[in-house]
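**Q** Quick one: the structure is below, and I'll ask about it shortly.
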Amino acid sequence: MERKVFSTYTGILVLLNIVAFLIFLFWSYYSGDQVIRNFALQPSLILQGKNLWTIITSMFLHAGIGHIAANMISLIFLGGFVEKLIGKKRFLGLYFIGGLVASLFFVIFAGFFGTTVAGAKFFGSPESFAVGASGAIFALGGLLAVLTPRLKVLVFFIIPMQMWIAMIALTVLMWMISLGLPINIGNTAHLGGLVAGVVYGFYLKRKYPRKTQMISRYFSN
Numbered sequence: 001m002e003r004k005v006f007s008t009y010t011g012i013l014v015l016l017n018i019v020a021f022l023i024f025l026f027w028s029y030y031s032g033d034q035v036i037r038n039f040a041l042q043p044s045l046i047l048q049g050k051n052l053w054t055i056i057t058s059m060f061l062h063a064g065i066g067h068i069a070a071n072m073i074s075l076i077f078l079g080g081f082v083e084k085l086i087g088k089k090r091f092l093g094l095y096f097i098g099g100l101v102a103s104l105f106f107v108i109f110a111g112f113f114g115t116t117v118a119g120a121k122f123f124g125s126p127e128s129f130a131v132g133a134s135g136a137i138f139a140l141g142g143l144l145a146v147l148t149p150r151l152k153v154l155v156f157f158i159i160p161m162q163m164w165i166a167m168i169a170l171t172v173l174m175w176m177i178s179l180g181l182p183i184n185i186g187n188t189a190h191l192g193g194l195v196a197g198v199v200y201g202f203y204l205k206r207k208y209p210r211k212t213q214m215i216s217r218y219f220s221n
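Numbering (the numbering used here), first residue to last: 1 to 221.
Listed below in structure tokens is the structure:
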């Protein structure tokens, strides 16, 4: 099996994210917070039927250099692998559907359970803004947790874990960090993306039992 870190659709998505980041960065320099208000996801507005396009545009916004760097590095490694594993069209579909489900999770949990101080801390405030591709990236990780659960990965490039454990650990760890520190992390969006990837993974296992079993065995060591 030919393995490339950068494959076509993954590379295009990375390029689009970087270009969008630079455009919005310069745009925000001149327009202040108008970029965030018009293109970031805000649950209270979505629940009013406003700014519905932000469900998609928020996936291409990032909060800073560190944010986009972490997401794009993750996308390069996970995206390239998933694209080779399930094909370009399925990969692209999972990426955007995972991002969509992630956005909906964030809107629902923040909108209905984030109206108190404690709820906003745990689920996010309905007035908060969500940006980033991490929900879509968690969908890729969720798929791999099902199709290649025993695949060894290095979390933060230093901690070896099996894929299924790594995805659970990352989700829980980031949630704990956001509860302990004044950092806004879209935990429910990550959860939504993860769920989308897991569901699609089980769908593929049921539809292609022999192929997915071979994949699981091949990447079990």
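Cβ atoms here follow ideal geometry from the backbone N, Cα and C, with glycine treated the same way. Just so we're clear, the structure is a prediction, and the values are computed from it rather than from any experiment.
State the start and end residues of the unbroken alpha helix (DSSP H) segment that holds ILE165.
**A** Along the sequence shown, read from residue 1 onward, the residue named residue 165 stands at position 165. Its alpha helix (DSSP H) spans residues 163-180.
**Q** For a test of the three-state rule: what should DSSP assign to ALA40, helix, strand or coil?
**A** Indexing the sequence shown from 1 puts residue 40 at position 40. Coil at ALA40, not helix or strand.
**Q** Can you name, in chain order, every residue of its own chain whose Cβ lies under 8 Å from the Cβ of SER7, other than the five neighbours on each side?
**A** Counted from its first residue, the sequence shown places residue 7 at position 7. Caution is warranted here: a pLDDT of 48 is assigned to SER7, below 50, making its placement in the model unreliable, and the coordinate value is therefore given only provisionally. Here the set comprises GLY79, GLY80, GLU83, LYS84 and LYS88.
**Q** Would you call THR212 buried or exposed, if buried means 16 or more other Cβ atoms sit within 10 Å of its Cβ?
**A** As a working mapping, residue 212 is identified with position 212 in the sequence shown. Burial call: buried.
**Q** By DSSP's criteria, GLY159 is part of a beta bridge. Which residues make up the other side?
**A** Sequence index remark: in the sequence shown, residue 159 carries index 159 (1-based). One point to set straight first is that residue 159 is Ile, not Gly, in the sequence displayed. For ILE159, which the question treats as bridged, DSSP gives the partners VAL155.
**Q** Please report the Cβ distance between ILE101 and GLY193, rounded to the nearest whole angstrom; I am assuming they are in contact, meaning their Cβ atoms lie under 8 Å.
**A** For this step, residue 101 is matched to residue 101 along the sequence shown. For this step, residue 193 is matched to residue 193 along the sequence shown. Reading off the sequence shown, one finds Val at residue 101, where the question assumed Ile. 6 Å between Cβ atoms; contact.
**Q** Taking ALA189 as part of the alpha helix (DSSP H), name the residues at either end of that continuous run.
**A** In the sequence shown, counting from the first residue as 1, residue 189 sits at position 189. Element bounds for ALA189: 187-207.
**Q** Mapping DSSP to helix, strand and coil, what is ALA130?
**A** Start at 1 with the first residue of the sequence shown, and residue 130 comes out as number 130. Residue state, collapsed to three classes: strand.
**Q** Using only the alpha-carbon positions, how far apart do LYS152 and LEU47 sit?
**A** Here residue 152 refers to the residue found at position 152 when the sequence shown is read from its first residue. Here residue 47 refers to the residue found at position 47 when the sequence shown is read from its first residue. Rounded to the nearest angstrom, the two C-alpha atoms are 40 Å apart.
**Q** Can you name the start and end residues of the alpha helix (DSSP H) that ASN222 belongs to?
**A** Residue 222 lies beyond the stretch modelled for the chain, which goes from 1 to 221, so this question has no answer here.
**Q** Here's the rule: buried if 16 or more other CB atoms are within 10 angstroms of the residue's CB, otherwise exposed. What is PHE105?
**A** As a working mapping, residue 105 is identified with position 105 in the sequence shown. PHE105 is buried by the Cβ-count criterion.
**Q** Which whole runs of the alpha helix (DSSP H) in the stretch 19-88 are 4 residues long or more, in chain order?
**A** Runs found: 34-39, 43-46, 54-57 and 65-86.
**Q** Using CA atoms only, rank isn't needed, just tell me which of PHE91, ASN17, LYS121 and LEU147 is closest to ARG206.
**A** Locating residue 206 in the sequence shown gives position 206, where the first residue counts as 1. Of the listed residues, the one whose Cα sits closest to ARG206 is LEU147.
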